[in-house]
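Notes to accompany the following structure.
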Amino acid sequence: MLKRIGVITSGGDSPGMNPAIRSIVRTGISLGIEVVGIQNGYQGIFDREFMTLGTVEVSGRIRDAGTILSTSRCLKFKEKAAQLEAIEILKKENIQALLVLGGDGSLAGANALAGHGYRVIGLPCSIDNDLPGTEMSIGTDSCLNTVLHLIDMIKATAASHNRCFIIEVMGRNHGYLALMSAIASGSQVAVIPEFRYDMEKIIDNLTRRRLRRHNNSVVVVAEGVCTGQQFMDRLNAAAGDRLEQEVRLTVLGHVQRGGSPSFADRFLASRMGEFAVLALNQGEHGCMVGLIRNRMHLTDLKEIQGHRPPLPADAIRLARNLGMEIGVPTET
Ligand code: ADP
Ligand code: F6P
Numbered sequence: 004m005l006k007r008i009g010v011i012t013s014g015g016d017s018p019g020m021n022p023a024i025r026s027i028v029r030t031g032i033s034l035g036i037e038v039v040g041i042q043n044g045y046q047g048i049f050d051r052e053f054m055t056l057g058t059v060e061v062s063g064r065i066r067d068a069g070t071i072l073s074t075s076r077c078l079k080f081k082e083k084a085a086q087l088e089a090i091e092i093l094k095k096e097n098i099q100a101l102l103v104l105g106g107d108g109s110l111a112g113a114n115a116l117a118g119h120g121y122r123v124i125g126l127p128c129s130i131d132n133d134l135p136g137t138e139m140s141i142g143t144d145s146c147l148n149t150v151l152h153l154i155d156m157i158k159a160t161a162a163s164h165n166r167c168f169i170i171e172v173m174g175r176n177h178g179y180l181a182l183m184s185a186i187a188s189g190s191q192v193a194v195i196p197e198f199r200y201d202m203e204k205i206i207d208n209l210t211r212r213r214l215r216r217h218n219n220s221v222v223v224v225a226e227g228v229c230t231g232q233q234f235m236d237r238l239n240a241a242a243g244d245r246l247e248q249e250v251r252l253t254v255l256g257h258v259q260r261g262g263s264p265s266f267a268d269r270f271l272a273s274r275m276g277e278f279a280v281l282a283l284n285q286g287e288h289g290c291m292v293g294l295i296r297n298r299m300h301l302t303d304l305k306e307i308q309g310h311r312p313p314l315p316a317d318a319i320r321l322a323r324n325l326g327m328e329i330g331v332p333t334e335t
């Protein structure tokens with residue numbers, strides 16, 4: 004019988020962590036399970052920062068990005084001795100199982116706990132959408148909406164000044180954010196880690212657009228390829244005066260993790276939080292909750308280690324058919 008479980012948020016925060024915590028707490032209350040919030044990711048276990056969460060603690064936070072539990076990067080948790088020590092502390096606190104909200108690093112930590120026999124379920128929380136076992140991670144949709152909003156704003160000034168804007172977006176080594184935001188913002192080029200870009204084709208695309216009398220263009224560069232500054236320098240060096248447009252750079256940075264969680268993220272986080280508690284209560288553990296074909300799904304934590312999902316093939320086709328320049332897969 005599950006009586007007391009813990010919840011942590013770890014690694015980079017993502018919009019939707021709070022709705023997930025809220026859902027976990029409220030589902031716990033419905034099932035008669037006490038939910039203990041642990042502050043500051045894995046570090047909070049060693050610092051014994053435990054606090055029982057009730058409806059009051061999560062009230063009004065569904066609309067807030069970030070995490071009410073705070074998060075951290077706890078390097079010592081990568082060591083086996085620290086993981087075993089954490090399990091001892093959790094057991095002493097009568098915390099029978101742990102829900103880990105985070106990205107691939109945090110879920111590697113969850114997998115380590117599971118490997119030592121501790122009950123754990125992970126929830127994919129990352130703006131990067133770089134986890135296998137789910138079509139969407141919590142936070143990605145909100146981040147994309149923020150990026151779109153910012154590119155829309157930049158386009159106004161790009162058009163007024165007849166400029167080409169380089170927009171550097173996050174995503175770590177994954178091109179999902181760059182590709183999807185480029186498609187939905189009507190950008191001309193996406194530079195992504197999975198594909199090799201051809202600078203001459205990019206210049207050609209931008210030049211043809213200029214000749215069709217468009218007064219702005221946008222190139223979305225994923226941080227996993229290079230910095231926006233490096234890309235802009237390479238573009239300027241290769242194009243010379245062929246673009247007939249000033250090139251400017253905007254690095255979106257951490258605003259991409261802010262804002263208020265979108266409907267899609269609030270709903271996804273609520274579903275995943277509920278499902279994780281139900282699954283734990285039914286004896287499931289050692290897995291991550293995912294969304295596959297609009298249904299909740301469990302994938303063994305071992306299976307998600309070291310893997311990254313491919314970019315959606317239909318999005319790649321769509322980008323090309325819309326006339327975007329995205330390069331060719333690096334393995335060809
Ligand atoms: P994210 O979860 O957003 O990918 P990180 O990669 O920084 O963020 O990982 C967050 C935390 O997860 C790390 O600081 C560490 O505490 C834990 N972690 C990361 N990788 C491992 C690992 N291989 N084994 C155990 N714990 C890990
Ligand atoms: O994983 C989320 C993410 O925002 C990545 O897109 C980015 O590379 C990284 O975290 C930034 O990490 P930090 O907040 O430590 O600068």
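Those letters in the sequence shown? Residues 4 to 335, per my numbering, in order. Even glycine gets a Cβ: it sits at the ideal position worked out from N, Cα and C. Quick caveat, the model's predicted, so the values are computed rather than measured.
Asked	Found
D16: CB within 6 Å of a non-hydrogen atom of the ligand ADP	no
The alpha helix (DSSP H) enclosing H164, as first and last residue numbers	143 to 164
Cβ-based burial, D207 [other Cβ within 10 Å; buried from 16]	exposed
Under the three-state DSSP convention, the category P22 falls into	helix
Spatially closest choice to S263 from H300, I141, S188, I205, by CA coordinates	I141
Helix, strand or coil at M327 according to DSSP, with G and I counted as helix	coil
Supposed close pair K305, V221 - CB separation, criterion 8 Å	That belief does not hold up - the Cβ atoms of K305 and V221 are roughly 41 Å apart, past 8 Å.
C-beta atoms of I90 and Y121 nearer than 7 Å	yes
Nearest residue (CA-CA) to F168, options E249, I295, G256, I11	E249
Chain-order list of residues whose beta-carbon lies under 6 Å from that of L294 (same chain, five-residue window excluded)	T137, E138, M139
Residue range of the unbroken alpha helix (DSSP H) whose run includes R274	266 to 284
Heavy atom of the ligand ADP within 6 Å of R260 beta-carbon	no
Beta-carbon proximity list for R251, same chain, < 6 Å, skipping 5 on both sides	R166, F168
Whether I41 touches F49 by CB criterion (7 Å)	no
Length of the line joining the Cα atoms of L87 and N176	31 Å
Own chain residues within Cβ distance below 8 Å of D133, not counting five before or after	G106, D107, S140, G174, R175, N176, H177, Y179, R311, P312
Nearest residue (CA-CA) to P332, options G326, P315, L325	P315
Among F198, E197, I205, R211, the one whose alpha carbon lies nearest that of R237	I205
8 Å Cβ shell around E226 - same chain, five flanking residues per side excluded	E171, V172, M173, G174, R175
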